[in-house]
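Here's the structure, in structure tokens; my notes come after.
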Amino acid sequence: MHKDIIWQLKYTYLCWEIIRIMKAYKIVGAGLAGINLAWHFYFEKIKFVIVDNKERSTARAAAGLINPVVFRRLNKSWMADDLMPYLHSFYCKINDVLGKELYVNLPIKKVITDIENLNDWGARNNDEAYQQFYNEVEENYNSSVLAEYGLGVVNGSGYLKLEEYINLSLEFFKAESNTVVEEEFEYDKVEGEIIFTEGRGLLRNPYFKYLPLNQTHGETLLIKAENLNIDYVLNKNMFVLPVEKNIYRVGATYNWEIKEPRTTEGAKAELLEKLSQIVDCELEVLDQWAGLRPTVKDRRPLLGTHKEHKNLHVFNGLGTKGVMISPYFANIFLQYLQGKRSLPQDVSIRRFDHLMNE
Ligand SMILES: Cc1cc2nc3c(=O)[nH]c(=O)nc-3n(C[C@H](O)[C@H](O)[C@H](O)COP(=O)(O)OP(=O)(O)OC[C@H]3O[C@@H](n4cnc5c(N)ncnc54)[C@H](O)[C@@H]3O)c2cc1C
Numbered sequence: 121m122h123k124d125i126i127w128q129l130k131y132t133y134l135c136w137e138i139i140r141i142m143k144a145y146k147i148v149g150a151g152l153a154g155i156n157l158a159w160h161f162y163f164e165k166i167k168f169v170i171v172d173n174k175e176r177s178t179a180r181a182a183a184g185l186i187n188p189v190v191f192r193r194l195n196k197s198w199m200a201d202d203l204m205p206y207l208h209s210f211y212c213k214i215n216d217v218l219g220k221e222l223y224v225n226l227p228i229k230k231v232i233t234d235i236e237n238l239n240d241w242g243a244r245n246n247d248e249a250y251q252q253f254y255n256e257v258e259e260n261y262n263s264s265v266l267a268e269y270g271l272g273v274v275n276g277s278g279y280l281k282l283e284e285y286i287n288l289s290l291e292f293f294k295a296e297s298n299t300v301v302e303e304e305f306e307y308d309k310v311e312g313e314i315i316f317t318e319g320r321g322l323l324r325n326p327y328f329k330y331l332p333l334n335q336t337h338g339e340t341l342l343i344k345a346e347n348l349n350i351d352y353v354l355n356k357n358m359f360v361l362p363v364e365k366n367i368y369r370v371g372a373t374y375n376w377e378i379k380e381p382r383t384t385e386g387a388k389a390e391l392l393e394k395l396s397q398i399v400d401c402e403l404e405v406l407d408q409w410a411g412l413r414p415t416v417k418d419r420r421p422l423l424g425t426h427k428e429h430k431n432l433h434v435f436n437g438l439g440t441k442g443v444m445i446s447p448y449f450a451n452i453f454l455q456y457l458q459g460k461r462s463l464p465q466d467v468s469i470r471r472f473d474h475l476m477n478e
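Residue numbers (the working numbering): 121 to 478.
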């Protein structure tokens, strides 16, 4: 009798779990897009299940930098005024929930190249519309850093420890019983509400592969440099990011030909050559990673719902600045799914409807 009751309870629990999972949103892909969307669902108490095949090479290769400035034109990066305050409060909240500093505030210091560049930077620093991000030019006192015209300091910058952020978030969601399934998603089983966040995996997705997603291959190195001693992100045509005492991540390369996440000797040589132009010290290469950025020609993300299959959604195209872009747009996407707003035209997949039947 007693055993029967236990079995009945177990059976009822199992049925409830199956119903719960069937009713939950399915998020396909645990990269930055999927995880930041999942956090928004979590805070809104919306059920979700994450399906991920554990490839995750992009997150491993990426430095996770947050830079509100475009150095080439001394401009602000796209939507920086809106994206920066949102991402700051969002990632600080996750730091608190996970009890770890995965989002780190750190100034970027850009090597000033000549007098003209120095004057232009000064003008930005004096301009009210820019000085929130453009701080003053500092003199360089570090003999290992080659910056005779000084270093332009960026405010509000930082980085996200991307791979750890994803792994700890997944552990957290598992523990909170928002199910995480580690397997390849099968595209012939598309029942319920599904959000595809597969990065470059989108190219295999029969429902959304018409979208013009490109793969931009990139590589970073991990180096040891005992005499470098910098506690900021150094930048000039590349970045040098301190991650531990005497250990730095440097990058990144851009290659439009390679379509696999494999490392190359060419990228290593390119990064070491660029590095030799901004630092003068002994260094040793410890590791090298490669990944593929999911980029779109117009440099805007891809958000929306399939025109015919209304239960299938996509959140992709985060490109080269996913850490900056994804929190703000995850929030917009959630509000859109809840029927509270429409999507801005420049990020909506509707802009590519004409490619659907080509
Ligand atoms: C070298 C390099 C440096 C970078 N540096 C920065 C930087 O400094 N700052 C910044 O903001 N961005 C940077 N980026 C870009 C950033 O990494 C991307 O914007 C971001 O990772 C994209 O996230 P995503 O979730 O869209 O895709 P991904 O990170 O690729 O995640 C997709 C996930 O979906 C899974 N998946 C795919 N298909 C399936 C399937 N069928 N079934 C189950 N799972 C599936 C994959 O395994 C993966 O886990 C860099 C990228 C590279 C390569």
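Glycine included, C-beta positions come from ideal geometry on N, C-alpha and C.
* Counting along the chain, where does the alpha helix (DSSP H) carrying residue 443 start and finish? -> As a first step, residue 443 must be located in the sequence shown, where it is residue number 323. Per DSSP, residue 443 belongs to the alpha helix (DSSP H) from 442-457.
* Is the closest heavy atom of ligand 1 to the C-beta of residue 172 under 6 Å? -> For the purposes of this step, residue 172 is identified with residue 52 of the sequence shown, where counting begins at 1. Yes - ligand 1 has a heavy atom lying nearer than 6 Å to the Cβ of residue 172.
* Asked: Is the region 172-182 close to the region 408-428, with three or more CB pairs under 8 Å?
  -> yes
* Give a yes or no on contact between the region 417-424 and the region 468-478, applying the rule of three or more CB pairs nearer than 8 Å. => Flag = yes, the region 417-424 and the region 468-478 touch.
* C-alpha distance - residue 123 paired with residue 465, whole-angstrom precision -> Taking the first residue of the sequence shown as position 1, residue 123 is located at position 3. Taking the first residue of the sequence shown as position 1, residue 465 is located at position 345. Rounded to the nearest angstrom, the two C-alpha atoms are 59 Å apart.
* Asked: residue 148 to residue 262, Cα distance in whole Å?
  -> Numbered from 1 along the sequence shown, position 28 holds the residue referred to as residue 148. Numbered from 1 along the sequence shown, position 142 holds the residue referred to as residue 262. The straight-line gap from Cα to Cα measures roughly 47 Å.
* **Per DSSP, cross-strand counterpart(s) of residue 97** => What is shown of the chain runs 121 to 478, which leaves residue 97 out entirely.
* Among 249, 270, 220 and 442, which residue has its Cα nearest to the Cα of residue 239? -> On the sequence shown, residue 239 is found 119 positions in, with the first residue counted as 1. Measuring from the Cα of residue 239, the nearest candidate turns out to be 270.
* **Nonlocal neighbours in the same chain, by C-beta distance under 7 Å from residue 382, ignoring five residues either side** => Counted from its first residue, the sequence shown places residue 382 at position 262. The residues are 410.
* Based on Cα-Cα distance, which residue from 377, 202, 196 and 273 lies nearest to residue 230? -> Translated into the one-based positions of the sequence shown, residue 230 becomes position 110. The option with the nearest alpha carbon to residue 230 is 273.
* Asked: Could you give the residue range of the beta strand (DSSP E) that holds residue 217?
  -> Locating residue 217 in the sequence shown gives position 97, where the first residue counts as 1. First-last for residue 217: 200-218, but that is the alpha helix (DSSP H), not the beta strand (DSSP E).
* Any heavy atom of ligand 1 closer than 6 Å to the CB of residue 475? -> Translated into the one-based positions of the sequence shown, residue 475 becomes position 355. No, the Cβ of residue 475 stays beyond 6 Å of every heavy atom of ligand 1.
* Contact set for residue 166: own chain, Cβ-Cβ below 7 Å, skip 5 residues either direction -> By one-based count along the sequence shown, residue 166 stands at place 46. Shown here for residue 166: same chain residues with a beta carbon closer than 7 Å to its own, the five before and five after excluded, namely 145 in chain order.
* DSSP state of residue 150, grouped into three classes? -> Looking up residue 150 in the sequence shown gives position 30. Reduced to three states, the DSSP call for residue 150 is coil.
* What is the DSSP secondary structure of residue 244, counted as helix, strand or coil? -> Here residue 244 corresponds to residue number 124 of the sequence shown, with the count starting at 1. Note: residue 244 maps to helix in three-state DSSP.
* Asked: Helix, strand or coil: how does DSSP classify residue 410 here?
  -> The sequence position of residue 410 within the sequence shown is 290, counting from 1. Here residue 410 sits in strand by DSSP.
* To do: With a threshold of 6 Å, establish whether the CB of residue 299 neighbours any heavy atom of ligand 3.
  => Of the ligands one can find in the structure shown, namely ligand 1, none is ligand 3.
* Span separating the alpha-carbon of residue 313 from that of residue 168 -> If you number the sequence shown from 1, residue 313 lands on position 193. If you number the sequence shown from 1, residue 168 lands on position 48. One C-alpha to the other measures close to 10 Å.
* So, is residue 461 buried or exposed, given that buried needs 16 or more other C-beta atoms within 10 angstroms? -> Here residue 461 is taken as the residue at index 341 of the sequence shown, counted from 1. Result: exposed.
* Considering only residues of the same chain and omitting the five flanking positions on each side of residue 332, which have a CB-CB separation below 7 Å? -> For the purposes of this step, residue 332 is taken as the residue at position 212 of the sequence shown. Answer for residue 332: 416, 417, 472 and 475, listed in chain order.
* Residue nearest to residue 448 in terms of C-alpha spacing, selected from 201, 305, 243 and 323 -> Looking up residue 448 in the sequence shown gives position 328. That would be 201, whose Cα lies nearest to the Cα of residue 448.
* Asked: Taking C-alpha atoms, which residue in 280, 442 and 257 lies nearest to residue 225?
  -> By one-based count along the sequence shown, residue 225 stands at place 105. Nearest option by C-alpha distance: 280.
* Residue of 152, 254, 246 and 170 minimising C-alpha distance to residue 113 -> Missing from the structure shown is residue 113; the chain here goes from 121 to 478 and no further.
* Asked: Whose C-beta lies closer than 6 Å to the C-beta of residue 346 among residues of the same chain, with five residues either side of it excluded?
  -> Within the sequence shown, the letter at position 226 stands for residue 346. Around residue 346: 366.
* Three or more C-beta pairs below 8 Å linking the region 387-402 and the region 274-294 -> no
* Asked: Rounded to whole angstroms, how far is the Cβ of residue 369 from the Cβ of residue 286, which I believe are closer than 8 Å?
  -> Here residue 369 is taken as the residue at index 249 of the sequence shown, counted from 1. Here residue 286 is taken as the residue at index 166 of the sequence shown, counted from 1. 16 Å between Cβ atoms; not a contact.
* Asked: Does ligand 1 have even one heavy atom less than 6 Å from the beta-carbon of residue 178?
  -> The count along the sequence shown starts at 1 and reaches residue 178 at position 58. Taking the Cβ of residue 178 as the reference point, at least one heavy atom of ligand 1 falls within a distance shorter than 6 Å.
* Asked: Whose C-beta lies closer than 8 Å to the C-beta of residue 323 among residues of the same chain, with five residues either side of it excluded?
  -> For this step, residue 323 is matched to residue 203 along the sequence shown. So the list reads 329, 333 and 335, once near-sequence residues are dropped.
* Asked: Going by the beta-carbon positions, is the gap between residue 480 and residue 302 smaller than 7 Å?
  -> The displayed coordinates of the chain run from 121 to 478. Any statement about residue 480 would go beyond what the structure contains.
* **DSSP state of residue 140 mapped onto helix, strand, coil** => Your numbering for residue 140 matches position 20 in the sequence shown. Unreliable positioning characterises residue 140 in this predicted model, as indicated by a pLDDT of 49, which lies under 50. The coordinate reading is nonetheless provided below. It is helical.
* Going by the C-beta, is residue 447 closer than 6 Å to any heavy atom of ligand 1? -> Reading the sequence shown from its first residue, position 327 is the one you call residue 447. False, no ligand heavy atom lies under 6 Å from that Cβ.
* Asked: So what does DSSP say about residue 258, is it helix, strand or coil?
  -> One-based indexing of the sequence shown puts residue 258 at position 138. Under the three-state reduction of DSSP output, residue 258 falls in the strand class.
* Through-space distance from residue 128 to residue 210, alpha-carbon basis -> Your numbering for residue 210 matches position 90 in the sequence shown. Your numbering for residue 128 matches position 8 in the sequence shown. Taking the straight line from one Cα to the other gives about 43 Å.
* Start and end residues, beta strand (DSSP E) containing residue 253 -> Taking the sequence shown and counting its residues from 1, one reaches residue 253 at position 133. Secondary structure note for residue 253: it is in no beta strand (DSSP E), with a DSSP letter that is neither H nor E.
* Indicate the three-state DSSP secondary structure (helix, strand or coil) for residue 263 in the structure shown. => Within the sequence shown, the letter at position 143 stands for residue 263. Coil at residue 263, not helix or strand.
* How is residue 193 classed by DSSP in three states: helix, strand or coil? -> As a working mapping, residue 193 is identified with position 73 in the sequence shown. Three-state result, residue 193: coil.
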